[in-house]
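Heads up: the structure comes next, in structure tokens.
Protein chains: 6
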Amino acid sequence: MSTVALVEESAAPAEVAAIYADIRATFGLPVVPAMFRAMAHHPAYLKASWERVKVVMGPGLIARKTKEMIAVAVSAANGCDYCVQAHTAALRSMGSQDAEIVELMAVVDLFSGFNKMLDGLQVAADIGTARHQ
Amino acid sequence: MSTVALVEESAAPAEVAAIYADIRATFGLPVVPAMFRAMAHHPAYLKASWERVKVVMGPGLIARKTKEMIAVAVSAANGCDYCVQAHTAALRSMGSQDAEIVELMAVVDLFSGFNKMLDGLQVAADIGTARHQ
Amino acid sequence: MSTVALVEESAAPAEVAAIYADIRATFGLPVVPAMFRAMAHHPAYLKASWERVKVVMGPGLIARKTKEMIAVAVSAANGCDYCVQAHTAALRSMGSQDAEIVELMAVVDLFSGFNKMLDGLQVAADIGTARHQ
Amino acid sequence: MSTVALVEESAAPAEVAAIYADIRATFGLPVVPAMFRAMAHHPAYLKASWERVKVVMGPGLIARKTKEMIAVAVSAANGCDYCVQAHTAALRSMGSQDAEIVELMAVVDLFSGFNKMLDGLQVAADIGTARHQ
Amino acid sequence: MSTVALVEESAAPAEVAAIYADIRATFGLPVVPAMFRAMAHHPAYLKASWERVKVVMGPGLIARKTKEMIAVAVSAANGCDYCVQAHTAALRSMGSQDAEIVELMAVVDLFSGFNKMLDGLQVAADIGTARHQ
Amino acid sequence: MSTVALVEESAAPAEVAAIYADIRATFGLPVVPAMFRAMAHHPAYLKASWERVKVVMGPGLIARKTKEMIAVAVSAANGCDYCVQAHTAALRSMGSQDAEIVELMAVVDLFSGFNKMLDGLQVAADIGTARHQ
Numbered sequence: 419m420s421t422v423a424l425v426e427e428s429a430a431p432a433e434v435a436a437i438y439a440d441i442r443a444t445f446g447l448p449v450v451p452a453m454f455r456a457m458a459h460h461p462a463y464l465k466a467s468w469e470r471v472k473v474v475m476g477p478g479l480i481a482r483k484t485k486e487m488i489a490v491a492v493s494a495a496n497g498c499d500y501c502v503q504a505h506t507a508a509l510r511s512m513g514s515q516d517a518e519i520v521e522l523m524a525v526v527d528l529f530s531g532f533n534k535m536l537d538g539l540q541v542a543a544d545i546g547t548a549r550h551q
Numbered sequence: 419m420s421t422v423a424l425v426e427e428s429a430a431p432a433e434v435a436a437i438y439a440d441i442r443a444t445f446g447l448p449v450v451p452a453m454f455r456a457m458a459h460h461p462a463y464l465k466a467s468w469e470r471v472k473v474v475m476g477p478g479l480i481a482r483k484t485k486e487m488i489a490v491a492v493s494a495a496n497g498c499d500y501c502v503q504a505h506t507a508a509l510r511s512m513g514s515q516d517a518e519i520v521e522l523m524a525v526v527d528l529f530s531g532f533n534k535m536l537d538g539l540q541v542a543a544d545i546g547t548a549r550h551q
Numbered sequence: 419m420s421t422v423a424l425v426e427e428s429a430a431p432a433e434v435a436a437i438y439a440d441i442r443a444t445f446g447l448p449v450v451p452a453m454f455r456a457m458a459h460h461p462a463y464l465k466a467s468w469e470r471v472k473v474v475m476g477p478g479l480i481a482r483k484t485k486e487m488i489a490v491a492v493s494a495a496n497g498c499d500y501c502v503q504a505h506t507a508a509l510r511s512m513g514s515q516d517a518e519i520v521e522l523m524a525v526v527d528l529f530s531g532f533n534k535m536l537d538g539l540q541v542a543a544d545i546g547t548a549r550h551q
Numbered sequence: 419m420s421t422v423a424l425v426e427e428s429a430a431p432a433e434v435a436a437i438y439a440d441i442r443a444t445f446g447l448p449v450v451p452a453m454f455r456a457m458a459h460h461p462a463y464l465k466a467s468w469e470r471v472k473v474v475m476g477p478g479l480i481a482r483k484t485k486e487m488i489a490v491a492v493s494a495a496n497g498c499d500y501c502v503q504a505h506t507a508a509l510r511s512m513g514s515q516d517a518e519i520v521e522l523m524a525v526v527d528l529f530s531g532f533n534k535m536l537d538g539l540q541v542a543a544d545i546g547t548a549r550h551q
Numbered sequence: 419m420s421t422v423a424l425v426e427e428s429a430a431p432a433e434v435a436a437i438y439a440d441i442r443a444t445f446g447l448p449v450v451p452a453m454f455r456a457m458a459h460h461p462a463y464l465k466a467s468w469e470r471v472k473v474v475m476g477p478g479l480i481a482r483k484t485k486e487m488i489a490v491a492v493s494a495a496n497g498c499d500y501c502v503q504a505h506t507a508a509l510r511s512m513g514s515q516d517a518e519i520v521e522l523m524a525v526v527d528l529f530s531g532f533n534k535m536l537d538g539l540q541v542a543a544d545i546g547t548a549r550h551q
Numbered sequence: 419m420s421t422v423a424l425v426e427e428s429a430a431p432a433e434v435a436a437i438y439a440d441i442r443a444t445f446g447l448p449v450v451p452a453m454f455r456a457m458a459h460h461p462a463y464l465k466a467s468w469e470r471v472k473v474v475m476g477p478g479l480i481a482r483k484t485k486e487m488i489a490v491a492v493s494a495a496n497g498c499d500y501c502v503q504a505h506t507a508a509l510r511s512m513g514s515q516d517a518e519i520v521e522l523m524a525v526v527d528l529f530s531g532f533n534k535m536l537d538g539l540q541v542a543a544d545i546g547t548a549r550h551q
């Protein structure tokens with residue numbers, strides 16, 4: 419139940435329908451994820467976002483499965499149920515099973531705890547973790 | 419270095435000066451904390467916020483020192499350096515030493531980690547943690 | 419509905435079953451909370467986490483009830499429904515009633531608001547809130 | 419001091435230099451903001467992100483100055499110093515003065531406090547705040 | 419389903435009933451929003467918070483509709499379902515339709531992404547985004 | 419500059435000194451990171467946390483370098499400067515260069531934006547992203 423109606427595929431204007439077709443083809447999905455159908459009320463935003471998804475999740479120095487793990491970890495840290503579920507499903511489609519998902523969350527647990535504790539103690543960075551500029 | 423100028427005590431209009439005097443008297447401070455001097459650009463907001471501080475931090479069912487611990491814990495979880503430092507100083511003025519501050523942060527660490535891990539695994543609440551309504 | 423199956427007590431390997439028994443005994447609970455049954459897919463993580471729970475929530479300079487209040491406050495700040503419900507239930511078992519829980523949340527409200535406002539105004543810490551090192 | 423070197427304008431490859439020129443021209447700035455010089459290590463990401471900035475911040479149903487206010491408010495809620503400073507400077511260039519900036523932060527304060535308190539009390543949405551789908 | 423019982427209008431003590439009446443009259447609502455009925459377990463906190471709502475959301479330099487947009491944006495950044503729904507409903511009552519709500523969220527999306535990326539790259543503020551004090 | 423003094427190696431009690439030695443040996447570091455020297459005011463917490471670090475970051479189904487990437491991504495999402503710098507340094511020691519670090523942050527950017535936008539539009543999970551239990 420979103421706060422906006424979803425733009426259904428059957429009712430999408432041509433420019434949106436073309437993006438929908440690309441999304442379905444790229445992911446091999448029978449339907450366009452609800453997220454994109456909500457974004458479609460602003461077609462230029464949908465288009466620019468979808469182009470960026472392809473760039474960011476596309477081939478590069480980091481493996482696709484690692485990117486999906488980062489997607490789940492970041493979505494857990496930010497508390498987004500939709501993204502956690504969508505990208506956990508993506509991980510499963512790449513072979514992840516329960517033990518690997520829990521191992522991933524153990525890392526999220528460890529550092530989320532340390533992150534907040536360190537903010538609370540205001541510990542300054544160690545010498546040797548040098549930064550540029 | 420704030421993004422707005424601070425309204426100094428010497429330049430404060432009468433209604434702000436009266437609040438400043440109450441803040442200094444209530445906390446026994448020689449100067450008004452910078453936070454309130456920034457808020458003073460919107461006198462009605464400063465006034466309503468200060469009244470609320472007195473109500474929330476004033477006598478009730480929870481001891482003042484416990485409220486200061488919660489202030490530090492919440493500020494650590496939200497990542498606010500100003501509040502962490504101000505309320506850690508308040509805790510120290512009530513007798514807290516390093517070991518107690520680290521024990522407090524251990525609790526923040528433990529639950530911040532579990533919070534994000536549970537968001538990432540989408541574990542539903544246990545039966546028995548009943549809610550009203 | 420979690421993204422991983424829960425490791426039920428009847429199906430737990432011996433090392434997990436021993437931890438489950440300790441959890442039930444320590445908390446006086448008839449069943450192991452779902453959180454631990456999800457973590458059990460990574461037994462060494464479950465074990466190390468449970469040992470740490472006992473240390474962090476065990477006797478020290480800060481009273482157990484205060485630690486439970488901090489647990490609820492931090493979980494509210496981080497937005498974790500599971501932990502909010504579990505530790506509000508713990509507070510109730512220690513005698514907290516509605517008025518105390520709302521008084522606790524008033525502190526969370528006050529400082530979460532100030533935290534974000536101060537991040538938005540970039541107000542620097544007051545002189546006198548000295549830090550070590 | 420960033421964790422990566424910034425790609426300076428004098429050393430930028432052609433595709434990056436073209437984006438840099440467009441950024442400077444669009445914002446009327448003498449130098450490219452550091453953020454984009456950091457992103458330039460991944461030229462396709464820089465390009466897709468810059469295209470999206472133009473779409474999202476460009477003409478639409480919401481006035482540009484309102485969008486800058488939202489940028490500051492969101493950056494305060496997320497705790498990003500860089501963005502708070504950059505977009506407060508943008509607001510000032512559009513005529514905002516201290517009183518308006520503090521009025522904006524009062525709204526951030528009010529709702530950030532209520533947001534966390536409501537997460538902590540698990541209050542369900544009121545009937546009448548209907549959602550689609 | 420909140421963790422505390424709501425203080426219903428029929429059972430409210432006089433000081434709470436007076437605030438309830440003011441809330442209903444101010445917003446033109448048939449019932450008091452659940453949030454305030456939860457806060458009513460701490461009447462002084464309810465009263466101080468309601469006074470502050472009127473100050474912060476009342477007339478000033480920023481239009482009421484812009485303040486509602488900021489309320490939705492901040493509540494999205496902080497992840498509060500209750501507030502997102504309540505203030506999206508308020509926006510709709512002021513004429514916002516799906517396209518405007520998605521345009522608003524596009525700004526939240528853009529800056530929330532940049533906020534976290536910049537925290538991750540530790541990019542220092544540009545010279546020229548001067549701050550006071 | 420932390421809010422607590424750091425427990426220096428020369429002044430550490432025996433049980434802390436033993437952990438310090440293990441930390442230095444495990445990471446091959448000439449000095450114990452400041453984080454652990456702050457935690458040492460609560461030796462049992464330091465010990466339980468260090469045991470857990472070894473379990474979570476130790477061998478398993480996910481490669482160590484991937485875990486370091488997740489550490490940086492989570493720390494960026496949570497806004498912890500100390501952890502961002504420490505684990506970016508760890509990534510560099512494993513061969514990561516600027517382009518890879520920016521590619522990692524592009525993923526953090528993408529999903530942090532979507533996370534908050536989806537919270538703001540309250541889009542429900544797609545059918546097919548099935549969950550257990």
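Residue numbers (the working numbering), protein chains in the order written: chain A, 419 to 551; chain B, 419 to 551; chain C, 419 to 551; chain D, 419 to 551; chain E, 419 to 551; chain F, 419 to 551.
The beta-carbon is built from N, C-alpha and C at its ideal position, and this holds for glycine as well.
Own chain, CB closer than 6 Å to residue i, minus 5 neighbours either side, in chain order
i	result
Q551 (chain F)	Note on Q551 (chain F): pLDDT 44, under 50, position unreliable in the model; no value is reported.
C501 (chain F)	S493
L509 (chain F)	E486
V526 (chain B)	A491 and A494
K483 (chain F)	M512
Sequence-distant residues of the same chain with beta carbon closer than 7 Å to residue i, five excluded per side
i	result
T506 (chain B)	V490 and I519
I437 (chain A)	L464, K465 and W468
A432 (chain E)	none
H459 (chain B)	V422 and V425
A456 (chain F)	S420, V422 and L424
Proximal chain B residues relative to residue i, where beta-carbon distance stays under 8 Å
i	result
T421 (chain F)	V502, Q503, T506 and I519
Cβ of residue i within 8 Å of any chain C Cβ
i	result
C487 (chain D)	Residue 487 (chain D) is actually Met in this sequence, not Cys. By this cut-off, M487 (chain D) is not an interface position.
A458 (chain B)	no
I545 (chain F)	no
Contact list for residue i against chain D, beta-carbon separation under 7 Å
i	result
K465 (chain C)	Those do not exist, as K465 (chain C) stays about 30 Å from chain D at its closest Cβ, beyond 7 Å.
Within-8 Å CB hit, residue i to chain E
i	result
Q551 (chain A)	Residue confidence for Q551 (chain A) is low, a pLDDT of 45 falling below 50, so the modelled location carries little weight and cannot support an answer.
V541 (chain B)	no
Sequence-distant residues of the same chain with beta carbon closer than 8 Å to residue i, five excluded per side
i	result
V449 (chain E)	E427 and R442
A548 (chain C)	Note that A548 (chain C) scores a pLDDT of 49, beneath 50, so its modelled location is shaky and nothing firm can be said.
K472 (chain F)	T444
Proximal chain C residues relative to residue i, where beta-carbon distance stays under 9 Å
i	result
G497 (chain A)	N496, G497 and C498
Min CB distance residue i to chain A below 8 Å
i	result
V474 (chain B)	no
Below-8 Å beta-carbon distance, residue i vs any chain D residue
i	result
V490 (chain C)	yes
A462 (chain A)	yes
Chain-ordered chain E contacts of residue i [CB-CB under 8 Å]
i	result
R470 (chain D)	L528
Closer than 7 Å at the beta carbon, the chain A residues around residue i
i	result
L479 (chain F)	A517, E518 and E521
### contact_flag[the segment 521 to 533 of chain C, the segment 522 to 540 of chain D] where n(CB pairs < 8 Å) is 3 or more
The segment 521 to 533 of chain C is in contact with the segment 522 to 540 of chain D.
#### Entry: Near-chain E residues of the segment 511 to 538 of chain D - C-beta to any C-beta below 9 Å
So the close ones are S514, Q515, D516, A517, E518, E521, L522, A524, V525, V526, D527, L528, F529, S530, G531, F532, N533, K534, M535, L536, D537 and G538.
#### Entry: chain B contacts made by the segment 423 to 456 of chain F, where a contact means CB separation under 9 Å
Correct list: A423, V425 and A456.
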